[in-house]
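Counting from 943, one number per residue, gives the positions in the sequence shown under our numbering.
This report concerns only the one structure given below.
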Amino acid sequence: MESRPEWFDYLKLRFSWGKNGNDRIGNFLYTSLMDGGQNYYFGGGYQVNNADPAKVGEITGSMQYGSSPGYIPNPDVKWEESVQTDLGLEARFFNSRLTFGFDYFTKATNDMLMYQPIPSYVGLGAPIANVGDMENRGVEFELGWKNSAGDFNYFVSANASYLQNKLINLGNETGEQIYENAGASGVGSYVKGMNGEVFPYFYGFKTDGLFQNQAEVDGYVNNEGARMQPTAKPGDVRFVDTNGDGVISDDDKTKIGKGAPDWTYGVTLGADWKGFDVNMFFQGTVGNDIFDFAQRGDIPAANRPAWILDRWHGEGTSTRIPRMTSANPNGNWRSSDLYIKDGSYMRLKSAQLGYTLPDYLTKKISVQRLRIYISADNLLTLTAYDGFDPEIASGGYTTIGVDRGIYPQARTISLGANISF
C-alpha cells in the first residue's frame, strides 16, 4: 500500500467460522445411579394415636439401610452444539497511537443441555435433556489511544459489546416453560422461557400503583361491575388485567424484564511519569434489569432495608411500596414489576498507584528493580440500584439478574512491592 496516507498504518479484515460442542454436565447422566443412605423403618410406622401422648409422633420398627435412584436418567443425552461466525476488522493510525477494532458475531446453539423441571412428588433429581435452539448475535467495538509528552506517557482503551439473544425453539409442545418458581413463598413463578423471546426473562404481573383509599378499591371493576381485586384494601397493589378478561389471575402474568444486559463495557486508563505509574479499570452494563428477590415485605420475622420506611401508611404516602401486613390477602408480594429495578452500573473495578525507585538507589541494596504500590478493588460504584450489589452472580443462567441478597463483592485495599534481583 505505497499510496496509503501517512496517518494510516494498518488494516486487517478477518473472518472465522467454527463449530464446537458442550458437554459440561455431570457424569453418567445417561444411566441410573443409586444413592446410599436412603434409610427407612420396617415393621412399624408413624404414631398418630397413642394412649401415651409422649409417644405421638414416634417412629417404631427397625431402621433398614436402603438405596434409591438419585435422578431420572436420559439415555439419549448428547453434546450441545454451537456454530459461531465472526466478521471483523482491525486498524491502526498515526504510528499506531490510535487503534480500532470491530466485530460482528453470531452464535447458533442447537440441542441445548438443560435440566427439565419435574413435579416434586417424583422424589428424584431432574433429568437433563437436549432441548431447544437459541441464537445470539451482536457487535463488539474496541478503541485505544496512547501518546507521550516528554517524560509523561499515557494510554486509554475502551471496549463495548452489544448482545441480543433469542430462543428459537424450546423443544416442547407449548413453546414456553417456567424455570424459577417460588410458589411456597407466595412469589410464584418469576423466570420463564418462550419461543421468540429473549432467554430467559422475568415473568410476573404488571402493576398500576397502589390503592390510595377505599373508593379506588371499589371503583376497580370489570365490565360486569364486579370488583377486580375483592380482597384488596387501601395500601395494596393494583394489578393490571393484561389479558382483558376482567379477572386478576396468573393468566395476566407477562414479560416484565430481563437480566441479561444489552451493553457490556470496559475502560482502562493508564499513565506513568518519572517512576510514578497509575492504572484504573472501569466496567459496567447498560440495559439489564434486576429481580430484587431480597425485597419481600410479607415476612414478619425478617429485617427490612431502609426503603421500607417509604411504605404506604396513609393516603398519598406511597405509590410503589405497599402497606405492611403479614396476612397479605391481596398477594402484594407475588411476582410483579415491583421487583424489577434498573441493574445498569459503572464500577471502578481496580485501581493501582505505584512508584519505581531509580536505579542509583536500588543498586545500593543489590536490587535490579524495586516498585512499591497501593491498589484497590471495587473502589467506586455508580448505579441506581438500591440493593447490595448490581454485579450479581447467584446461580445458573436461568437466574441471571436475580438478587437473593447474597453477600456483595468486598472493597479491598492492599499494599505491595515488586522486586527483581
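Virtual Cβ for every residue (Gly too), placed ideally from N, Cα, C.
Practice problem: Please indicate yes or no: does the CB of ASN1274 lie closer than 8 Å to some heavy atom of the ligand ATP? | Solution: In the structure shown, the ligand ATP is absent, as is every other ligand, since no ligand is present at all.
Quiz prompt | Contact belief for ASN1089 with TYR1096 at Cβ below 8 Å, rounded distance in angstroms | solution = 6 Å
Self-check item: Given 8 Å, three or more beta-carbon pairs between the stretch 1003-1014 and the stretch 1061-1078
Solution: yes
Quiz item: Quick one: Cα of ILE1263 to Cα of PRO1350, how far?
Solution: 24 Å
Quiz item: Apart from the five residues on each side of it in sequence, which residues of its chain come closer than 6 Å, Cβ to Cβ, to ALA1100?
Solution: LEU1085, VAL1209
Quiz item: Distance, Cα to Cα, VAL1182 vs TYR1207?
Solution: 36 Å
Exercise. Quick one: residues in its chain with C-beta nearer than 6 Å to the C-beta of LYS889, no 5 flanking neighbours on either side, listed in chain order?
Key: The shown model of the chain, from 943 to 1363, leaves out residue 889, and the question about it has no answer.
Practice problem: Count the CB pairs spanning the stretch 1031-1041 and the stretch 951-965 that are closer than 8 Å, and state whether there are at least three. | Solution: yes
Quiz prompt | For SER1099, the residue or residues it bridges with in DSSP | solution = GLY1086, THR1210
Practice problem: Would you check if the distance between the CB atom of PHE1141 and the CB atom of ASP1194 is smaller than 9 Å? | Solution: no
Quiz item: Among LEU1324, TYR1162, PHE1094, which residue has its Cα nearest to the Cα of ASP1150?
Solution: TYR1162
Quiz prompt | Exposure label - TYR1063; buried when at least 16 CB within 10 Å | solution = exposed
Quiz item: For LYS961, which residues from the same chain have a beta carbon less than 6 Å from its beta carbon, with the 5 sequence-adjacent residues on both sides left out?
Solution: VAL1025
Exercise. Starting from the C-beta of VAL1019, find all residues in its chain whose C-beta is less than 7 Å away, skip the five residues before and the five after it, and write them out in chain order.
Key: LEU971, TYR972, ILE1070, ALA1071, ASN1072
Quiz item: Touch check for the stretch 1254-1263 and the stretch 1103-1117: three-plus C-beta pairs under 8 Å?
Solution: no
Exercise. Compute the beta-carbon to beta-carbon distance between ASN1037 and ASP951, rounded to the nearest angstrom, for a pair I have assumed lies under 8 Å.
Key: 7 Å
Quiz item: In its own chain, which residues sit with a C-beta less than 7 Å from the C-beta of THR1340, not counting the 5 before and 5 after it?
Solution: TYR1121, GLU1122, VAL1133, PRO1142
Quiz item: For PHE1223 versus ALA1293, is the C-beta spacing smaller than 9 Å?
Solution: yes
Quiz item: Among the residues of its own chain, which have a CB less than 7 Å from the CB of SER974, if the five just before and after it don't count?
Solution: PRO1011, PRO1015
Exercise. Could you check if VAL1189 is buried or exposed, using at least 16 other CB atoms within 10 Å of its CB as the buried criterion?
Key: exposed
Self-check item: When ALA1168, ASN1185, GLN1171, SER1286 are compared against GLY1226, the one with the closest alpha-carbon
Solution: SER1286
Self-check item: 9 Å Cβ cutoff met for PHE1144 and GLY1343
Solution: yes
Quiz prompt | Option nearest THR1325 by Cα separation, candidates MET1288, LYS1306, GLY1296, LEU1299 | solution = MET1288
Quiz item: Going by the CB atoms, is the gap between MET976 and SER902 shorter than 9 Å?
Solution: With the chain covering 943 to 1363 only, the question about residue 902 has no answer from this structure.
Quiz item: From this set, VAL1129, ALA1157, ILE1110, which residue's C-alpha is nearest ASN1137's C-alpha?
Solution: ILE1110
Practice problem: For the alpha helix (DSSP H) containing ASP1160, list its first residue and its last residue. | Solution: 1156-1161
Quiz item: DSSP on LYS1306, reduced to helix/strand/coil?
Solution: helix
Exercise. Mark SER1278 as exposed unless 16 or more other C-beta atoms lie within 10 angstroms of its C-beta, in which case mark it buried.
Key: buried
Quiz prompt | Where ALA1091 falls: helix, strand or coil (DSSP) | solution = strand
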